[in-house]
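Residue numbers (full-length UniProt numbering): 1 to 588. Report on the structure given below.
Following this line, the structure appears as structure tokens:
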């Protein structure tokens, strides 16, 4: 029942671990266009913050961050097209948009103390490029309501040559030198004035190291990004999408998405990068992630199947050393957990702001994490899954400090509305340390995998007109652990449950432990009362810059096709085993 000796156990999860990324050109859609903010967005972030003691980490960054030029005199609550752009670029140029101080006024309307990472334009190379990055950073650091815990200098530099931002002979050495010159300028002109240390930057913010392996961390440590043995880095930041429209060379289906073995296969490169980050002693952030990029796919991204995928991914990523995950949002994306403004349906009718199914995945992971700053997770082996289920059944142990507090169980086998019914698999748990105790069962549920409405988590719906939670089932769902430590937990196809020992999830882990959270904050850029990114002391250096595992580059065809293959992961056996018995139930 103790996590001592467990393999694959995560670090303590930050209360703001599961967050969102907002495309900068879409910021005002989510924040509103005045100093009063967007009440719908703020309510949904507040819901999650009440579970963990702090709102989710928001990254404001993306392609458009490298296309924006700051104008102190521009007063609009919008991005204005630059009438006279001079920057480089094959599509939008590096100064395509003009923005002003109200960009940050709007961002500062998010709930108080929201941890924020802000992207700065590195692609721009006009004669005033150093003053430009200083101006952007200075405006960002003037925010007082949200908590800016990190900055990015540039977005996806591995694509700069492809986008026409740099010449064909531009190298990672050039990238490192340009990055270092700019972050030094910002530090000297701005960060020092705020008593912020050097380690305030997240890099290299790459699109894919599987293709551009020269941007792997093992190579980045030999560039100027690693100057001073890493004193400028808060952590390593990279991006990924499970599937990308018009790039991935196969047709995505719910069946493929919910085959969790394909996610583990697709993420192999990034999991190895997370291990390289661990060698250096710096955290690894997945600041731009999603099941489907760039804007999702209707009938997949907006379904309950994607909600199950999202909840599982948050847990899985933690077990491979990812310290924070931000699922990317645009205002026209089927993947965004909510639509912040009135939208137009395919028939031309108007629809008020609404919550998508995937929001419930954030509620689930946030209740698992809680507010005590003591939660970690580890993968569990599912022994003897029934035929056809090995890639659809996953399990994770959940620890409160050193003690087992619960288990998350997934059965992602697809059941559609057209199927008319679903089977149920019984997970047989062996919990010898909980013999005779009551376990409480919290369920992530919708009628079908392709349902786009009706999702609930732990008896609560968030699909309300104002984003406030509404109780749909107040009953306690429990089971009693036998004297031999065994208990059977049924999980329907296309469903996930969390089994919590001794109390209902969210009732005892929702009180902030200030001491534990301050200790955690001192080692991460994930928010809290203090952090190394804001300390006045010596910035932490790398633990090591050698000893990385060998990692060969993959051909592009293998990378974009990998999610279509099989690839069941071999999970590590921890304190107990899970056995699966099949009892066929047809639900009408």
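Glycine included, every Cβ here is placed at the ideal spot set by N, Cα and C.
Query, Result
"Whole-Å CB distance - residue 266 paired with residue 250, under 8 Å assumed", "That pair is no contact at about 12 Å."
"Residue 141 (DSSP reduced to helix, strand or coil)", "helix"
"Same chain, Cβ closer than 6 Å to residue 189, five either side skipped, listed in chain order", "134"
"One or two residues paired with residue 153 in a DSSP bridge", "120"
"Three-state secondary structure (DSSP) of residue 347", "coil"
"At least 3 beta-carbon pairs within less than 8 Å: the segment 9-22 vs the segment 78-96", "no"
"Chain B contact for residue 227 (CB, 8 Å cutoff)", "The chain inventory of the structure shown lacks chain B, comprising one protein chain alone."
"For residue 69, the three-state DSSP class (helix, strand or coil)", "strand"
"Inter-stretch contact (C-beta, 8 Å, three-pair minimum) for the segment 357-364 and the segment 316-324", "no"
"Buried or exposed by the 16-neighbour rule on C-beta atoms within 10 Å, applied to residue 351", "exposed"
"Residues near residue 274 in its chain [Cβ-Cβ closer than 6 Å; skip 5 each side]", "284, 320, 321 and 322"
"8 Å CB neighbourhood of residue 191 in its chain, flanking five on each side removed", "137, 141, 197, 198 and 200"
"Through-space distance from residue 219 to residue 269, alpha-carbon basis", "15 Å"
"Alpha carbon of residue 421 to alpha carbon of residue 415, nearest angstrom", "7 Å"
"Proximity winner among 193, 212, 145 and 187, relative to residue 170 (alpha-carbon distances)", "212"
"Nearest-angstrom Cα separation, counted from residue 33 out to residue 545", "45 Å"
"Cα-Cα separation, residue 209 to residue 215", "6 Å"
"Cβ contact (3+ pairs, closer than 8 Å) linking the segment 298-309 and the segment 374-391", "no"
"Best match in 276, 75, 281 and 257 for proximity to residue 290 [C-alpha to C-alpha]", "257"
"Straight-line Cα distance separating residue 116 from residue 441", "33 Å"
"Cβ-Cβ distance between residue 237 and residue 152 below 8 Å", "yes"
"Nonlocal neighbours in the same chain, by C-beta distance under 8 Å from residue 30, ignoring five residues either side", "22, 38, 41, 329, 331 and 340"
"Validate contact between the segment 480-499 and the segment 434-448 using beta carbons, cut 8 Å, 3 pairs", "yes"
"Coarse secondary structure for residue 383, derived from DSSP in three states", "strand"
"Distance, residue 395 Cα to residue 337 Cα", "24 Å"
"Where residue 447 falls: helix, strand or coil (DSSP)", "coil"
"Where residue 428 sits in the DSSP three-state scheme", "strand"
"Supposed close pair residue 51, residue 510 - CB separation, criterion 8 Å", "6 Å"
"Run of the beta strand (DSSP E) containing residue 202, from where it starts to where it stops", "201-206"
"Three-state class that DSSP yields for residue 352 in the structure shown", "coil"
"Sufficient close CB pairs (3 or more, under 8 Å) joining the segment 470-480 to the segment 400-417", "no"
"Residue 398 versus residue 410 - alpha carbon distance", "14 Å"
"Close Cβ partners of residue 85 (< 6 Å) along its chain, the five nearest in sequence each way excluded", "93, 95 and 96"
"Sequence-distant residues of its chain with Cβ nearer than 6 Å to residue 175 (five each side left out)", "157"
"Close-in-space but distant-in-sequence residues of the same chain around residue 560 (CB under 7 Å, 5 per side omitted)", "With a pLDDT of only 34 at residue 560, under 50, the local geometry of the prediction cannot be trusted, and the value read off the model is given with reservation. Once the five neighbours on either side are set aside, the close Cβ partners of residue 560 are 247, 248 and 249."
"Residue 419 versus residue 26: straight-line alpha-carbon distance, rounded", "38 Å"
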